Amino acid sequence: MNELDDSHSRYALSDPIKLLQPSLLLIEDDPQMGGILMELLEDDYRAHWVTTGKAAIHEFGMNPYDAVVVDRRLPDMDGLDFVRSARREGITVPMLMLTALSSTEEIVSGLDAGANDYLSKPFRFEELNARIRSLLRGYQAQQQSHAIGDWTFKEHRGSSSRRRE
1 MNELDDSHSR
11 YALSDPIKLL
21 QPSLLLIEDD
31 PQMGGILMEL
41 LEDDYRAHWV
51 TTGKAAIHEF
61 GMNPYDAVVV
71 DRRLPDMDGL
81 DFVRSARREG
91 ITVPMLMLTA
101 LSSTEEIVSG
111 LDAGANDYLS
121 KPFRFEELNA
131 RIRSLLRGYQ
141 AQQQSHAIGD
151 WTFKEHRGSS
161 SRRRE
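Just so we're aligned, residue 1 is where the sequence shown starts under full-length UniProt numbering, counting upward by one.
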């Protein structure tokens with residue numbers, strides 16, 4: 001099997017309610033952990049699961065995502081390298097690093113690489129879900145534009161423009 005084909009989704013694109021949910025990319029190489037997380041995440045998100053960094057990079061080229069949960073240790077690359085690479089490519093979606101590495105140095109490394117949050121295993125699903133919701137709130141707020149008089153402010157680009165008549 002091609003490593004790019006090793007991905008899992010459990011929703012039908014024809015389900016209109018599911019299409020309204022935020023999309024989440026889960027990058028987790030452990031089949032047991034990935035399967036459990038997918039079962040738990042699928043109620044609240046359009047979750048898609050890949051098991052390698054290469055497959056995740058491919059997914060970003062094919063589909064937009066609202067958030068990413070990435071394991072630190074992947075078979076083909078370090079999760080830190082994935083996050084750094086994504087940030088260099090201009091991918092701004094929030095990323096949560098999920099890992100068994102829990103030292104202060106590891107947490108700082110993950111955040112400095114560009115992850116928005118860091119959660120150590122073992123964890124409670126309720127905490128993971130709350131952190132994802134928090135990341136999504138911040139990201140969605142950044143994507144909004146605000147109009148004041150003749151000016152439109154686009155927070156996600158840090159720019160503003162004047163409306164032309």
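Glycine included, every Cβ here is placed at the ideal spot set by N, Cα and C. Model, not experiment: these values are computed from the prediction.
Out of the options, which one is the CA nearest neighbour of residue i?
{"i": "M121", "options": "L96, T51, W49, F82", "result": "The residue you asked about is not Met; residue 121 is Lys in the sequence shown. For the residues L96, T51, W49, F82, the minimum Cα distance to K121 belongs to L96."}
{"i": "R73", "options": "S85, I27, L136", "result": "I27"}
{"i": "L98", "options": "E89, S85, R87, N129", "result": "N129"}
{"i": "E126", "options": "L40, A115, G114", "result": "L40"}
{"i": "F60", "options": "I36, D43, L80, S85", "result": "S85"}
{"i": "P64", "options": "A100, R124, R133, L19", "result": "L19"}
{"i": "L101", "options": "F123, M62, T51", "result": "F123"}
{"i": "A67", "options": "I91, E105, S103, L111", "result": "I91"}
Give every residue of the same chain whose Cβ lies closer than 6 angstroms to the Cβ of residue i, excluding the five residues on either side of it in the sequence, and list them in chain order.
{"i": "I107", "result": "Y118"}
{"i": "residue 171", "result": "The structure shown does not extend to residue 171, since the chain is modelled only from 1 to 165, so the question has no answer here."}
{"i": "residue 234", "result": "The first residue shown for the chain is 1 and the last is 165, placing residue 234 beyond what the model contains."}
{"i": "M33", "result": "none"}
{"i": "residue 169", "result": "With the chain covering 1 to 165 only, the question about residue 169 has no answer from this structure."}
{"i": "R164", "result": "With a pLDDT of 42 at R164, under the threshold of 50, the modelled position of that residue is not reliable, and the figure given next carries that caveat. Here the set comprises nothing."}
Which same chain residues, not among the five before or five after residue i, have their C-beta less than 8 angstroms away from its C-beta?
{"i": "F82", "result": "I27, G53, A56, I57, V70, L74"}
{"i": "N116", "result": "P94, M95, L96, L135, G138"}
With DSSP collapsed to three states, give me the class of residue i.
{"i": "M97", "result": "strand"}
{"i": "A47", "result": "strand"}
{"i": "L25", "result": "strand"}
Between residue i and residue j, how many whole angstroms is the CB-CB distance? I'm expecting something under 8 angstroms.
{"i": "W49", "j": "M38", "result": "5 angstroms"}
{"i": "S109", "j": "L80", "result": "6 angstroms"}
{"i": "R131", "j": "G114", "result": "Actually they are not in contact, since the Cβ atoms of R131 and G114 sit about 16 angstroms apart, beyond 8 angstroms."}
Leaving out the 5 sequence neighbours to the left and right, which residues in its chain are closer than 7 angstroms to residue i when beta-carbon positions are compared?
{"i": "L111", "result": "Y118"}
{"i": "E89", "result": "none"}
Problem set entry | Whole beta strand (DSSP E) elements within the segment 68-118, 3-residue minimum | 95-99
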